[in-house]
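Scroll down for the structure; my scribbles are underneath it.
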Amino acid sequence: MISQYFPTGELLKEVQCFRLSFGRAPATVNQIQIHRFFPPRVEATISPEDVKEGSSISLFCDIVEGNPQNLLRVRWFKEDEMLHETTEREIVWVGVTRNSSGIYSCQGENAAGWGEKSEEKELIVNYLPGQAYLTELDSPAIKGETSSLQCFVEEAGLPPASVYRWERDGELLATTSSENYTTDMLRVNSKGNYSCAAVNEVGVGPKAYEYIPVYAPPTFIQDLPDIRGAARDAPFISFECRVECEPVCEILWTKDGERVTNSELFIVRNRIIPEDVLNNRFRSVTSTLQFNMTAGQVEDWRGTGTEQITLVPPRQTWLGMESRLACCFLLSTHLKP
Numbered sequence: 028m029i030s031q032y033f034p035t036g037e038l039l040k041e042v043q044c045f046r047l048s049f050g051r052a053p054a055t056v057n058q059i060q061i062h063r064f065f066p067p068r069v070e071a072t073i074s075p076e077d078v079k080e081g082s083s084i085s086l087f088c089d090i091v092e093g094n095p096q097n098l099l100r101v102r103w104f105k106e107d108e109m110l111h112e113t114t115e116r117e118i119v120w121v122g123v124t125r126n127s128s129g130i131y132s133c134q135g136e137n138a139a140g141w142g143e144k145s146e147e148k149e150l151i152v153n154y155l156p157g158q159a160y161l162t163e164l165d166s167p168a169i170k171g172e173t174s175s176l177q178c179f180v181e182e183a184g185l186p187p188a189s190v191y192r193w194e195r196d197g198e199l200l201a202t203t204s205s206e207n208y209t210t211d212m213l214r215v216n217s218k219g220n221y222s223c224a225a226v227n228e229v230g231v232g233p234k235a236y237e238y239i240p241v242y243a244p245p246t247f248i249q250d251l252p253d254i255r256g257a258a259r260d261a262p263f264i265s266f267e268c269r270v271e272c273e274p275v276c277e278i279l280w281t282k283d284g285e286r287v288t289n290s291e292l293f294i295v296r297n298r299i300i301p302e303d304v305l306n307n308r309f310r311s312v313t314s315t316l317q318f319n320m321t322a323g324q325v326e327d328w329r330g331t332g333t334e335q336i337t338l339v340p341p342r343q344t345w346l347g348m349e350s351r352l353a354c355c356f357l358l359s360t361h362l363k364p
């Protein structure tokens with residue numbers, strides 16, 4: 028029996044066997060080589076270690092020392108749970124997901140057996156922020172005011188989203204560092220399809236879309252005169268007012284609190300005028316009241332002096348609420364002596 032000691036780092040020794048005879052020099056009978064086998068020490072490499080979701084990565088288990096140097100099998104672990112055993116040192120993952128992030132290590136086997144696990148390496152898979160949700164905080168949006176919007180995202184992504192992107196009809200409005208955005212003063216062309224999305228280093232997450240209309244409360248563009256005079260013998264007198272309102276409103280005329288409708292004495296005509304983006308005007312309604320001065324009822328006003336008749340175009344429905352148009356004028360019929 029032959030026992031040999033191998034100093035650290037020495038892998039091979041030559042051993043000779045001699046035959047001894049009295050009076051003669053030793054004669055070599057045999058010569059052998061003794062190899063020192065020991066399990067491998069390995070190193071795990073992940074390339075790249077910081078990737079975007081959907082990318083491909085390479086996991087390589089390299090032998091640092093061991094005898095023999097060739098690996099028979101390799102095991103891969105994630106957080107101490109064995110994932111895969113293969114005869115190859117390298118494996119390639121195509122299309123990694125966020126769930127692939129974690130701590131990895133490998134273990135190698137050679138003819139001397141399984142070695143210890145390698146040092147751990149971390150894989151970070153970066154991914155886009157999640158689906159955004161757009162909320163109008165102070166609905167409805169009113170012309171001449173600002174509107175506050177909020178972009179809510181359940182999944183901030185990795186790295187977490189640091190910017191929010193705001194668009195209207197596909198055009199960039201602003202980028203904000205918070206999830207809230209306040210519009211500029213609202214105009215006719217402020218209505219449209221608004222969108223928001225969270226942004227991180229990977230890119231722009233899925234957008235949220237919301238059509239936001241802009242409303243305009245009833246506002247006179249053309250008011251009625253305070254006093255309107257007419258000759259007693261004039262056959263017709265017309266009065267006109269124009270009101271901007273979105274949604275389109277209905278203008279009603281009254282005389283002394285009583286609604287004026289088409290009759291022998293009155294003719295009411297309304298028409299809608301399209302919006303005027305250049306002048307920042309929504310749709311408007313022009314209402315014309317024609318007074319038939321030849322109708323018999325006009326005789327009730329005739330006499331000496333001046334009679335005063337008050338006409339008021341009063342109510343219109345706007346967003347389910349009635350608002351009174353503060354408009355009135357005095358009609359004087361001047362009588363001939």
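The sequence shown stops at residue 364 when you use the working numbering, and every number in between is there. The C-beta atom is built at its ideal place from N, Cα and C for all residues, glycine as well. Source: prediction; values computed, not measured.
DSSP, reduced to helix, strand and coil, places N153 within a strand of the structure shown. DSSP, read as helix, strand or coil, puts R269 in strand. The C-alpha of P67 lies about 18 Å from the C-alpha of K148.
Here the alpha carbons of K218 and D211 stand approximately 12 Å from one another. Of L110, E291, S311, E302, the smallest CA-CA separation from Q317 is found for E291.
Distance from the CA atom of D107 to the CA atom of W141, rounded to whole angstroms, is 16 Å.
The shortest C-alpha to C-alpha distance from F104 to any of V287, P95, L150 is the one to L150. Contact between I84 and I73 is confirmed by a C-beta separation of about 6 Å, below the 8 Å threshold. Contact between V312 and I278 holds: CB atoms are separated by about 6 Å, below the 8 Å threshold. Per the coordinates, the alpha-carbon of G135 lies some 13 Å from the alpha-carbon of L86. When DSSP states are grouped into helix, strand and coil, N97 belongs to the coil group. Counting C-beta pairs with one atom in each stretch, the stretch 194-205 and the stretch 155-175 have fewer than three that are closer than 8 Å, which means they do not touch. R308 has D303 as its beta-bridge partners, per DSSP. Taking 8 Å as the upper bound for CB-CB distance, E80 and T124 are in contact here, some 6 Å apart. For N207, DSSP records a beta bridge to Q177. Apart from sequence neighbours up to five positions away, the residues of its chain that approach N207 with a beta-carbon distance below 6 Å are Q177, ordered along the chain. A check of alpha carbon separations from D165 across P262, N137, L213, M320 identifies L213 as the nearest. When C-beta atoms of the stretch 220-238 are compared with those of the stretch 180-192, three or more pairs fall below 8 Å, so the two segments count as touching. G184 and Y160 have their C-alpha atoms roughly 15 Å apart. Within the same chain, Y160 come within 6 Å of F179 by CB-CB distance, once the 5 residues on both sides are set aside. A straight line joining the alpha-carbon of S127 with that of E273 spans about 53 Å. Just so you know, the alpha carbons of D303 and N216 end up roughly 10 Å apart. Ranked by Cα distance from D250, the options C268, Y238, V241 are led by C268. Between Y221 and R192, the C-beta spacing is not below 7 Å. In this structure, R310 lies near I299, with their beta-carbon atoms less than 7 Å apart.
Rounded to whole angstroms, E146 and R102 show a C-alpha spacing of 13 Å.
Our two residues, E115 and E181, have alpha carbons roughly 41 Å apart in a direct line.
In the same chain as N307, and ignoring 5 residues on each side of it, the C-beta atoms closer than 6 Å to its own belong to R214, V215, in chain order. In the DSSP annotation of this structure, the continuous segment of the beta strand (DSSP E) that includes E108 starts and ends at 108-113.
At the C-beta level, L99 and N153 stay beyond 7 Å of one another. Under the three-state reduction of DSSP output, R125 falls in the helix class.
Apart from the 5 residues on each side of it in sequence, I118 sits with its Cβ closer than 6 Å to the Cβ of L86 in its chain, given in chain order. Beta-bridge annotation (DSSP): C276 is not paired with any residue. Going by DSSP, F65 is part of the beta strand (DSSP E) stretching over 65-74.
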